[in-house]
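Residue numbers (my numbering): 1157 to 1507. Glycine is no exception: its CB is placed at the ideal position from the N, C-alpha and C atoms. Computed from a predicted model, the values in this text were never measured in an experiment. The structure appears below as structure tokens.
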């Protein structure tokens, strides 16, 4: 079974971390408990109104939807939206508002879900794309999983490709959340660069289908360059550029170095090195690989030590020893696993 880690939900932007204590306090006032903040938040748009008989019974359906979501492990939040009765407005100036009301309804739902950072359509779309691939994924199946008619998806996304791009954009924002949380606590340009390598490898290991969609389906498309996703990818890879420039400024990396070239070497090398694993090959040992890649890059771009600087030499030696220990530990674990597999009696029942 492919290893996966828990996905960082979009709603984590308002529920995780000490800085979001005021946000959680507001949610506690509407019924959230300690165990609820890690659940996906799903909006239930309720158009109940006694303005028209068409909408009088919607409260009952909305309550059932809320109960079903809770039983499925989600945290539902209900909100209202407008309604216009074509039958009552028929033959009057009121009919001019009928078609417009559809856009107002769609915009109001999008506004609430965006402001409250709710999880919903994009989660279901991501699941279908990962299970079926882009070509075999159907908008009808995505709509069925969301629990809406297919036409509803087209109110928000012009095409299946537009929906895929939105899924990938959200995926990038999830990764930025990790970087924003983790990078400030890592000291030193070398260790920060190692983290960026490791985090990218983890993405490839944990989300191979999304990586394949990005590498093969999206980047080669004529609509990619200049798109929002292209800008997010530039921001993502730009983190390496930023760290390299910090290393040059601190004296860890040599002056005159092209930070953009280092970025291309890092991401190009990782993509080439993980190609087999990305297409169903051997599972990645991301810790050992991150150590090897980071060590190779950092040693290649390191600033030469000042002549006669014993402290600098000792510091570099200590860092090399630490890296060698990490690599040796990872190899030792692999060897232990190999010995255990070899010692397993033939014919033993699989667990």
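Going by the beta-carbon positions, is the gap between residue i and residue j smaller than 7 Å?
{"i": "residue 1280", "j": "residue 1256", "result": "no"}
{"i": "residue 1375", "j": "residue 1440", "result": "no"}
{"i": "residue 1295", "j": "residue 1309", "result": "yes"}
{"i": "residue 1323", "j": "residue 1368", "result": "no"}
{"i": "residue 1237", "j": "residue 1264", "result": "yes"}
{"i": "residue 1352", "j": "residue 1395", "result": "yes"}
{"i": "residue 1385", "j": "residue 1321", "result": "yes"}
Measuring only the C-alpha atoms, how far is residue i from residue j?
{"i": "residue 1290", "j": "residue 1469", "result": "52 Å"}
{"i": "residue 1232", "j": "residue 1188", "result": "10 Å"}
{"i": "residue 1313", "j": "residue 1300", "result": "16 Å"}
{"i": "residue 1354", "j": "residue 1447", "result": "8 Å"}
{"i": "residue 1208", "j": "residue 1258", "result": "16 Å"}
{"i": "residue 1356", "j": "residue 1254", "result": "49 Å"}
{"i": "residue 1186", "j": "residue 1383", "result": "38 Å"}
{"i": "residue 1358", "j": "residue 1399", "result": "19 Å"}
{"i": "residue 1214", "j": "residue 1200", "result": "11 Å"}
For residue i, which of the options has the nearest alpha-carbon?
{"i": "residue 1202", "options": "1219, 1209, 1299", "result": "1219"}
{"i": "residue 1418", "options": "1320, 1449, 1215", "result": "1449"}
{"i": "residue 1267", "options": "1409, 1235, 1380", "result": "1235"}
{"i": "residue 1230", "options": "1194, 1311, 1204", "result": "1194"}
{"i": "residue 1484", "options": "1215, 1471, 1443, 1425", "result": "1443"}
{"i": "residue 1438", "options": "1451, 1307, 1364, 1341", "result": "1364"}
For residue i, which residues in the same chain have their Cβ closer than 8 Å to its Cβ, ignoring the five residues on either side in sequence?
{"i": "residue 1251", "result": "1242, 1245"}
{"i": "residue 1284", "result": "1293, 1294, 1297, 1298, 1301"}
{"i": "residue 1392", "result": "1328, 1331, 1332"}
{"i": "residue 1421", "result": "1453"}
Name the two residues that bound the continuous alpha helix (DSSP H) containing residue i.
{"i": "residue 1251", "result": "Careful: residue 1251 lies outside any alpha helix (DSSP H) and carries neither H nor E."}
{"i": "residue 1434", "result": "1431-1434"}
{"i": "residue 1443", "result": "1442-1457"}
{"i": "residue 1242", "result": "1242-1245"}
{"i": "residue 1310", "result": "1306-1312"}
Beta strand (DSSP E) containing residue i: first to last residue?
{"i": "residue 1232", "result": "1231-1236"}
{"i": "residue 1200", "result": "1197-1202"}
Cβ of residue i versus every heavy atom of the ligand ATP: is any distance shorter than 6 Å?
{"i": "residue 1410", "result": "Among the components of this structure there are no ligands whatsoever, and the ligand ATP is therefore not found."}
With a threshold of 7 Å between beta-carbons, can residue i be considered close to chain D, or not?
{"i": "residue 1435", "result": "Absent from the structure is chain D; it holds one protein chain and no more."}
Keeping to the same chain, check which residues put their C-beta closer than 7 Å to that of residue i; ignore five residues upstream and five downstream.
{"i": "residue 1404", "result": "1411, 1413"}
{"i": "residue 1168", "result": "1333"}
{"i": "residue 1388", "result": "1325, 1328"}
Which residues in the same chain as residue i place their Cβ atom closer than 6 Å to its Cβ, once the five residues preceding and following it in sequence are excluded?
{"i": "residue 1433", "result": "1440"}
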